[in-house]
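Colleague: Numbered as in my numbering, the sequence shown ends at 1541 without a single skipped number. Don't be surprised by glycine CBs; every beta carbon is placed ideally from N, CA and C.
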Amino acid sequence: MAHKKMLTDRSNNASIMQKTHILWQKYLTRYGETPLPDAPQQLSTAWQNVLVIPAYRESPAFIHNLQAFCKSQQGLLVIVVLNRPESDTDTNSNKPLRDAIHALPPSHLSANLFSLGANNHLLLIDRERQVGATPAQQGVGAARKLGCDSALQWILQGCIASDWICCTDADARLPEDYFSRLPRAQHFSAAVFPYTHEQLPMHHAHYRIAQATQVYERRLYQYVNGLKRAGSPYAFHTLGSAMAVSADCYAKVRGFPKRAGAEDFYLLNKLAKLKPAASLDGQPIRIAPRDSDRVPFGTGPAVKALLAQDDLDSAEIFYDERVFDGLKAVLDSAGDLFDKNNTLASVFSEVDRELRDVLVEQLTALGIDKALEHCRQQSADRQSFLRHFHQWFDGFRSLKLIRGLEQLYGKTSLRCLRHDEGQRKRGERKRRTGVME
1105 MAHKKMLTDR SNNASIMQKT HILWQKYLTR YGETPLPDAP QQLSTAWQNV LVIPAYRESP
1165 AFIHNLQAFC KSQQGLLVIV VLNRPESDTD TNSNKPLRDA IHALPPSHLS ANLFSLGANN
1225 HLLLIDRERQ VGATPAQQGV GAARKLGCDS ALQWILQGCI ASDWICCTDA DARLPEDYFS
1285 RLPRAQHFSA AVFPYTHEQL PMHHAHYRIA QATQVYERRL YQYVNGLKRA GSPYAFHTLG
1345 SAMAVSADCY AKVRGFPKRA GAEDFYLLNK LAKLKPAASL DGQPIRIAPR DSDRVPFGTG
1405 PAVKALLAQD DLDSAEIFYD ERVFDGLKAV LDSAGDLFDK NNTLASVFSE VDRELRDVLV
1465 EQLTALGIDK ALEHCRQQSA DRQSFLRHFH QWFDGFRSLK LIRGLEQLYG KTSLRCLRHD
1525 EGQRKRGERK RRTGVME
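What follows is the structure in structure tokens.
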């Protein structure tokens, strides 16, 4: 009986895998980038893991850092996608890195494969040489998609053992145990790694850039912590240099969006609707601080704007914590909206009137009336309604609501945040003392 069950389980698993591979192939055929690099024909042992890195205007130091990381790895395939946006007319922008890659020991498996030692290899996809400059609106998203589509195809063809497509950036330094953490995210659509931007000594030429980057990093963490406090299912970091995606889920959401920025945010937002994203712990990915204009928005431009400030602690880039109170009010009350007799105003009856008016106004502008009608029609009970509600009220609409609430509360500075945090802690100490007395 046990033997029969084992054979049945194997048959079921084989059937599921076949269906999965059909789905992957359908994605690649209909929506995948072309051309994708051919898989090696004489590969005797599959690579264990794959890492995709878009590269633009990088120095040869990137290769040195990659070689240092590979000393602690076995069976890693690194896919580097060289790209250049239309806005950069310098056709030599990628020459230093291109030359450094071609100086690596070549692999006999393919003309575009280079050895990184210990069965680790670098696959160069020279998008710039293949198709020229990338259209401005597609940017780094197109490079990530090309690299990840290539990884998916090679996984499908048995060249890569892992079903995780890992993504990072050229300025990131991964911890040695990076890949060994992925099994913790087995039942999730994506894995999000902790990260930190490196601090530099005062005498360093980029010291102020590092300071500004640290300030902006605090804002990023403040946002995710605020989402967590509010109870949002989208409370995870969305950084292209610190994420890995399930190959199956990647195909289901049709890959990276081809955008010049926020491609990581929009991909993870879609993935979280299939399955939750896992926020992993452990040693952080270390990101080098730099003043960058590679993307139109994000860390690089934000740091550049901060550098124009005389006093970083006074720069008003942080969220007033009350915006997350507003988000929490929405999420706490969402289940009550299953009852069609409940209005937005009634479910927010315990909320300050000024905040209530803004919540109603912003949610109405987001199209909540039509969304609620759809959620109710598709739901037999409150739990089902909440699932549909969170499909609609996703990470993007949460961000839109928070921006709307900023019209009421404005932004604040790091100095003010520290002051408010100090007051809160003093208040907590007084309450504890009072209880003890």
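(1) In the DSSP assignment, the beta strand (DSSP E) including Asp1142 goes from what residue to what residue?
(2) So is Asp1275 buried or exposed if we call it buried at 16+ other beta carbons inside 10 Å?
(3) Give every residue of the same chain whose Cβ lies closer than 7 Å to the Cβ of Pro1209, excluding the five residues on either side of it in the sequence, and list them in chain order.
(4) Look up Glu1541 in the DSSP assignment and say whether it is helix, strand or coil.
(5) Give, in chain order, every unbroken run of the alpha helix (DSSP H) that is at least 4 residues long and sits entirely within the segment 1497-1532.
(6) Which residues in the same chain as Gln1129 place their Cβ atom closer than 8 Å to its Cβ, once the five residues preceding and following it in sequence are excluded?
(7) Would you mind working out which of Leu1256, Leu1228, Thr1317 sits nearest Ala1159, comparing C-alpha positions?
(8) Could you tell me the distance, in whole angstroms, from the CA atom of Val1451 to the CA atom of Asp1443?
(9) Provide the residue(s) that pair with Ser1219 in DSSP beta bridges, ordered along the chain.
(10) Who does His1291 pair with in a DSSP beta bridge?
(11) By DSSP, does Arg1536 sit in helix, in strand, or in coil?
(12) Is the CB-CB distance between Gln1413 and Ala1406 below 9 Å?
(13) Would you identify the three-state DSSP class for Met1347, choosing helix, strand or coil?
(14) Determine, using beta-carbon pairs with one atom in the segment 1361-1374 and one in the segment 1311-1326, whether at least three such pairs fall under 8 Å.
(15) Indicate, with yes or no, if the ligand ATP has a heavy atom lying under 8 Å from the CB of Arg1480.
(16) Hey, could you find the ends of the alpha helix (DSSP H) Ala1314 is sitting in?
(17) Which ranges does the beta strand (DSSP E) cover as unbroken runs of at least 3 residues, wholly within the segment 1357-1387, from first to last along the chain?
(18) Return the Cβ separation of Leu1286 and Trp1268 in integer angstroms, given the expectation that the two are a contact with Cβ distance under 8 Å.
(19) Return the first residue and the last residue of the beta strand (DSSP E) that Cys1271 is part of.
(20) Given this structure, state the Cα-to-Cα distance separating Phe1426 from Phe1166, to the nearest angstrom.
(21) For the alpha helix (DSSP H) containing His1168, name the first residue and the last one.
(22) Since I believe Pro1141 is in contact with Ser1254 (beta carbons under 8 Å), could you give me their beta-carbon distance rounded to a whole number of angstroms?
(23) Could you check what DSSP says for Tyr1423 in three-state terms: helix, strand or coil?
(24) What are the boundary residues of the alpha helix (DSSP H) that Leu1250 is part of?
(25) The beta strand (DSSP E) spanning Thr1300 covers which residue range?
(26) Could you tell me which of Ser1211, Ala1469, Ser1383 sits nearest to His1291, measuring between CA atoms?
(27) Does DSSP classify Asp1429 as helix, strand or coil?
(28) Out of Gln1152, Ala1215, Gln1511, Arg1480, which one is the CA nearest neighbour of Asp1461?
(29) Please work out which residues of its chain come closer than 7 Å, Cβ to Cβ, to Tyr1327, disregarding the five sequence neighbours upstream and downstream, and give them in chain order.
(30) Could you tell me whether the Cβ atoms of Ala1542 and Glu1190 are closer together than 9 Å?
(31) For Ile1238, which of helix, strand or coil comes out of DSSP?
Modeller: On the basis of the coordinates in this document:
(1) Note, Asp1142: premise wrong, no beta strand (DSSP E); not H, not E.
(2) buried
(3) Phe1218, Ser1219
(4) At Glu1541 the pLDDT is 43, less than 50, meaning the model places this residue with poor confidence; the figure from the coordinates comes in the next sentence. Of the three classes helix, strand and coil, the one that applies to Glu1541 here is coil, per DSSP.
(5) 1499-1513
(6) Here the set comprises Leu1260.
(7) Leu1228
(8) 10 Å
(9) Paired residue(s): His1225.
(10) For His1291, which the question treats as bridged, DSSP gives no partner whatsoever.
(11) helix
(12) Their beta carbons are not under 9 Å apart, which means Gln1413 does not touch Ala1406 by this criterion.
(13) Here Met1347 sits in strand by DSSP.
(14) Judged by Cβ distances under 8 Å, the segment 1361-1374 makes no contact with the segment 1311-1326, as fewer than three pairs qualify.
(15) Questions concerning the ligand ATP fall outside what the structure shown contains, since it holds no ligand whatsoever.
(16) 1311-1334
(17) 1381-1383
(18) 5 Å
(19) 1268-1271
(20) Note on identity: in this sequence residue 1426 is Arg, with Phe being the wrong assignment. If you take the alpha carbons of Arg1426 and Phe1166, they lie about 42 Å apart.
(21) 1165-1174
(22) 6 Å
(23) strand
(24) 1243-1260
(25) 1299-1301
(26) Ser1383
(27) helix
(28) Gln1511
(29) In the same chain as Tyr1327, and ignoring 5 residues on each side of it, the C-beta atoms closer than 7 Å to its own belong to Tyr1423, in chain order.
(30) For residue 1542 there is no data in the structure shown, the boundaries of the chain being 1105 and 1541.
(31) A quick correction: the sequence has Thr, not Ile, at residue 1238. For Thr1238, the three-state secondary structure derived from DSSP is strand.
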